[in-house]
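Below is one structure, written out as structure tokens; the observations come after it.
Residue numbers (our numbering): 1267 to 1441.
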């Protein structure tokens, strides 16, 4: 059976560290998406005006209005994932330093029959975490692109709606 303690340094609180890493990745992803949703809803609200019909205010699309380009709405969405990635890089050094604390001997780790045991315990989880950050960043970008594409009314895309991003495979701009 797999346990976190098998891939963390000996004596390291692996279960708590793994929960903290996974929680950080989830929170960073959610914060990034909500930051995009805030910019997107603000840009989408600029497409509408309120008109009074039968005593009630009703939103109506402004003719000829266009939403902001996709690249302009992405400001700061990857900040959380970048912070998690930086923490994972710092954890590499923390895992290595853990073997030198107190009575823990790095010399004994180097004498084990499997000479890669030390580096597996030091490097594995931070590298997997960095790969997860990259994967989540790609998924976040895809989710934001799909939200932009399907959340914007037809005919209200700017001429170069994706800016510098090659997302034309999602379905074009309908400009």
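The beta-carbon is built from N, C-alpha and C at its ideal position, and this holds for glycine as well. Here the structure is a predicted model, which means the values were calculated and not measured.
Asked: Every unbroken alpha helix (DSSP H) inside the segment 1348-1393 [4 residues or more]; Found: 1372-1376
Asked: Buried or exposed (CB count within 10 angstroms, at least 16 for buried), residue 1442; Found: Any answer about residue 1442 is impossible in this case: the structure gives the chain only from 1267 up to 1441.
Asked: Beta-carbon proximity check, residue 1422 vs residue 1333, cutoff 8 Å; Found: yes
Asked: For residue 1349 and residue 1418, the rounded distance between their alpha carbons; Found: 30 Å
Asked: CB contact flag (residue 1305, residue 1339, <8 Å); Found: yes
Asked: Where the alpha helix (DSSP H) through residue 1308 begins and ends; Found: 1280-1311
Asked: C-alpha distance - residue 1391 paired with residue 1273, whole-angstrom precision; Found: 7 Å
Asked: Residue 1438 in three-state terms, based on DSSP; Found: Note on residue 1438: pLDDT 43, under 50, position unreliable in the model; the coordinate value appears next. Residue state, collapsed to three classes: coil.
Asked: Simplified DSSP state of residue 1406, which is helix, strand or coil; Found: helix
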